[in-house]
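See below for the structure under consideration.
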């Protein structure tokens, strides 16, 4: 019998996935009971995941061998620093679910509410399982859990495009999953193991090169698609814009980040493998990231639909993370890994705040929502703070990322990259200003806007907490950095 | 070298106005609440800052670090002489400006927002003045940029929104350049960003890197300091309400830029390191050019606030010129001019605002005879204008005198010529206006009399300050004495 | 033009894949690296450690049980997704499927005679998996197929009488509930979450638990397959 | 060439994969896209399964009397799970197509994009 942290780790993964099964029958009995159950499971799971992260930050990574089978024979769960960053973001998920209770009553018809709760819980379980497993195939299974649930959740969108967007997302997602599965099969044939650490160890001594490169390519490409790294982002804007706001918050905040976590795992596996030219890959990745930053920013600023704008901003922000990974030095990797967490907080705040505006007025474009700032001061205030954070103005969480990436780019002697990072954020800010201007300094054009008031507390509190966190995390950035840094050092081969 | 003393006051000072901003945001729709918190925070903050003065002049640096922003870089505050020179002025003028804006803004809408961001601006200004390292300075520099925006666009007219956009484009681009410069500094200095009087940049940096760094940092800060040709946003930002213009032009925003350049030269590079390069000379020429060119531009303006804006552009470059000469005398002039220009310019803006509120006039050509109608207001205006021309016994003289001596001392005789030319130009654009105001007949409109007390008294207080800064500026605790301490520390004397 | 570009891309991909594959050992050759690692251990020790002769089953239900758990969750997710996309219609209404051609009598006769056999076979597969070929998912799918053929043969209104909706709602989650109970049993017997009780303490428990899990997965798979069919049927 | 002939199973898998990819990319009909996806999935399963086969091997049902090598159990496990995943994805995809058809009256990607 292993230690309690290991037991906690398994429970955290098993609880939401098994708990989801009860959502369907419970909803047949009573909406209220089912909602309470969903909230309970989410809260306990997120608290557990948070505790796992706290433990990682205090005593370092730890493993749990499921069923008592030691590492290469059985499945090893492993909470490392990058998983811990996702665990740290688990409370974001919980807040989104709390917010979603009223929102889904409003936006989802009764017959579809049971699956909605179930899919959310499975998504949570998938995200955590993906982040906390040390076994490559187990990682694939959990990847399918969060992917499938994400495709289906997109279909909850009100607009007619939702199903088509969901389908496109599904096709791209299934294709990338297939690449990952192919790579897993190949890697298994090459190494005879599915455990990632064992795999890395066995890849380090002479196996044929070209298949290793192929396996690397397929795995990296698969995860890059999941992460929507330019130009593999095509599925993202429609899917994230079509989904209901709480779902968009989870998709943009957490689900795309899994691709990034997957890329970090890829680095771990192929660190010492012969034939894989990581520096060239990194160069390419950072270049793609830089293009994504500019591209995402430019497309974001021509949108009138704020959700599309936020979706393109996610493309841009994934670009930031890609640049950080591609720089592959201490500052760059630190910036990239803390942005996994920071962006989750910020983007969730943005989507939830926007969702609250839509909830009250029914509108979601900049021009329709003019003058809303006076009517819903707290919501729009929170939105403004998150806007400032997402473009990286000090002293917000977004600034911390930008700072680390800029230092990383300068340290890697790539000043052009640094300039791209800094200035595209400015372009974004100027155009985000459009939103703020329209909300605060323009007269309202719709009667619904005139009549709107801040949403009730159960929706408002998550918005305010998240946007407050996106501000506070700029000042207490050492928390995520402290967690990420040992992991970054490990990736760099220093410990 | 100053003695470091652990003390919470440097952090407390910005915190006071930050808390005030929060309180005003929460309950700002009620006038009494708004007034009470704004006034008491302004006073409390001034008391806190002033209480640190004796120690600072005596060579103590109060230091306080709290949040570790990231491993190795804390958000830290440190009240040394240079920082205190700026912090004292801004916190004192906040008291005066608060009284003035309560009077000026009476009856306007969105006042909660106005006073909240006003307090936030001052909070950021004092925080950046007392910043202990380059990153903290930058963080609050950007906070200032952002929180000044709602003030610029306060009127919500399309013109104001355009001005706000211009303001943001300029200042945020400058901020981006600074950020890159700081990142580069961080890499070059191997992770050190805390200000030290020998500079952060190590002496063995290659000249090319040194040049890039210097250009990035000075030009980045130079945007807010409105160094030509980066000054375009400032005259346009004139659409803001007058107390905001006073704040923007005299105390907070533009001074933050000038202050940033001073910090860059003294505490990032260090005087010794820069002496071996051509970089400060280039900055000096640019500053001298700005002093003259902006004065010429000011001559061409009829709108009073625009003329004041160009005058500001010109005056700010005094600070840059003084610091770029790398001479103790000129450096004293630069630091003391932060205070002198602030007080003089605030006086003029207050007077201009009082005229606008009382008579509705904004153009100089319409102001004939206004001095007879509002003698006290225009008198205060006149004192400040005389100060700018460098009249002895007034604040501006102190700056010009030290600057000229510094120019001769470092073998740059042209500095004195620039000073003289600037004095003449100042006279050329203020004296005709004073003549118009006092000696031309009153226009035919009915006489209205002086501005209301809440506008008049702050203006008069500022005018008195202009005189005091000219007479007793070297008393301990007054700007000149602080500047001397700061310069002595920077030059290792 | 677009077709040409696609073909070119595919050709490029083909070259890349082929060039990588030729460096792999030929399939079936004994020098494949994986033969000497984890799977060798399973084949040599598995029967003894786990107590089943079907090593695939040993891997699924023992060494990599957590994957099987995830797998069961995946099909449950698929069901939840289908229900989310196509919410069940109100069946009390008159619309229904009456517009569809009624199944022929011959079909009905054949289905009526074969479905019981299919059900028996499916159940056998679910329950026999741990010792021989077979398994819960396969068996469950066959049971689901029985439900589908019944629907096609005699109409789904009749078919659904065998699996009323409130029963189906619980059966869908059966696998998950079984796993939840399994996860809870572990700590009670001192083995930890998601672990079988040690063979020494409860020699019979392992085998029964495996059966229990298989039954849960089988029932859930069958119910899910049938429900997915029913919710899509007659829609487009 | 013999290199390829020895690996005919792999080559077959690759060809199948490319056929599936072609359908996925070039076909406008959403159902055909799903079929393409399924073909690709099958290709990957074939690749993994054949990689795990032993020459003249027997299924991994351990009995005392066989001397031949066993086929690899882990590859089979991977594929078993993979099939379940593939079925789930297909089910969801088909339900989405059903809904798209109900809402838009077409399942051609080209028309969907044009008519948006």
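Chains as they are written, first to last, in the numbering used here: chain A, 256 to 750; chain B, 781 to 1273; chain C, -15 to 220; chain D, 9 to 124. Ideal Cβ placement from N, Cα and C applies to all residues, glycine included.
- For residue 650 (chain A), the nearest beta carbon of chain B is closer than 9 Å to its own beta carbon.
- Counting along the chain, residue 49 (chain D) sits inside the alpha helix (DSSP H) bounded by residues 38 to 59.
- Pairing residue 1135 (chain B) with residue 973 (chain B) gives a Cβ-Cβ distance that is not under 9 Å.
- Residue environment: residue 313 (chain A) is assigned as exposed (fewer than 16 neighbouring CB atoms within 10 Å of its CB, all protein chains considered).
- Secondary structure at residue 317 (chain A): strand, using DSSP grouped into helix, strand and coil.
- The continuous stretches of beta strand (DSSP E) do not include residue 962 (chain B), which lies in the alpha helix (DSSP H) extending over residues 938 to 968.
- The C-beta separation of residue 8 (chain C) from residue 215 (chain C) comes to about 43 Å, leaving the pair out of contact by the 8 Å criterion.
- Exclusion of the five residues before and after residue 554 (chain A) leaves 567 as the residues of its chain whose Cβ lies within less than 6 Å of its Cβ.
- Residue 931 (chain B) and residue 894 (chain B) do touch by the CB rule: their CB atoms are close to 7 Å apart, below 8 Å.
- The DSSP-derived three-state label of residue 625 (chain A) is coil.
- Assignment of beta-bridge partners to residue 783 (chain B) by DSSP yields B:840.
- By the neighbour-count criterion, in which a residue is buried when 16 or more other Cβ atoms sit within 10 angstroms of its Cβ, residue 97 (chain C) is exposed.
- Residue 812 (chain B) counts as exposed, since fewer than 16 other C-beta atoms from the protein chains shown sit within 10 angstroms of its C-beta.
- Boundaries of the alpha helix (DSSP H) harbouring residue 576 (chain A): 561 to 582, taken from the DSSP string.
- Less than 9 Å divides the Cβ of residue 204 (chain C) from the Cβ of residue 157 (chain C).
- 9 Å or more divides the Cβ of residue 825 (chain B) from the Cβ of residue 923 (chain B).
- Taking 8 Å as the upper bound on Cβ-Cβ separation, chain D lies near residues 12, 13, 14, 16, 18, 19, 22, 23, 26, 27, 30, 31 of the stretch 12 to 34 of chain C.
- Under DSSP, the beta-bridge partners assigned to residue 78 (chain D) are D:66.
- Sequence-distant partners of residue 488 (chain A) (beyond 5 residues in either direction) whose C-beta falls short of 6 Å from its own C-beta, in its chain, are 570.
- Burial check for residue 1182 (chain B): the Cβ neighbour count within 10 Å reaches 16 or more, so the residue is buried.
- When beta bridges are read from the DSSP output, residue 546 (chain A) appears opposite no residue.
- The Cβ neighbour count for residue 864 (chain B), taken over all protein chains shown within 10 Å, is at least 16; the residue is labelled buried.
- Distance from the CA atom of residue 1122 (chain B) to the CA atom of residue 579 (chain A), rounded to whole angstroms, is 43 Å.
- For residue 202 (chain C), no Cβ of chain D is located within less than 9 Å of the residue's own Cβ.
- Fewer than three beta-carbon pairs drawn from the stretch 275 to 292 of chain A and the stretch 321 to 334 of chain A are found closer than 8 Å, and the two stretches are therefore not classed as touching.
- Membership of residue 788 (chain B) in any beta strand (DSSP E) is not indicated, and neither H nor E is assigned to it by DSSP.
- By the Cβ criterion, the stretch 910 to 929 of chain B is in contact with the stretch 1019 to 1036 of chain B, since at least three pairs of Cβ atoms, one from each stretch, lie closer than 8 Å.
- Judged by DSSP secondary structure, residue 853 (chain B) falls within the beta strand (DSSP E) whose first and last residues are 853 to 859.
- Residue 18 (chain C) is a Cβ neighbour of residue 60 (chain D), given a cutoff of 9 Å.
- Annotation for residue 196 (chain C): 162 place their beta carbon closer than 7 Å to its own, counting only its chain and skipping 5 residues before and after.
- 40, 43, 44, 48, 51, 55, 58, 59, 61, 62, 65, 66, 69, 70: these are the residues of the stretch 40 to 74 of chain C whose beta carbon lies less than 7 Å from some beta carbon of chain D, given in chain order.
- By the 16-neighbour rule on beta-carbons within 10 angstroms, residue 1095 (chain B) is buried.
- Annotation: Cβ neighbours of residue 48 (chain D) in chain A (cutoff 7 Å, chain order): 433.
- Sequence-distant Cβ neighbours of residue 173 (chain C) in its own chain, meaning closer than 6 Å and more than five residues away, are 181.
- Less than 9 Å divides the Cβ of residue 301 (chain A) from the Cβ of residue 379 (chain A).
- Distances from the alpha-carbon of residue 921 (chain B) to those of B:1053, B:953, B:1073 put B:953 closest.
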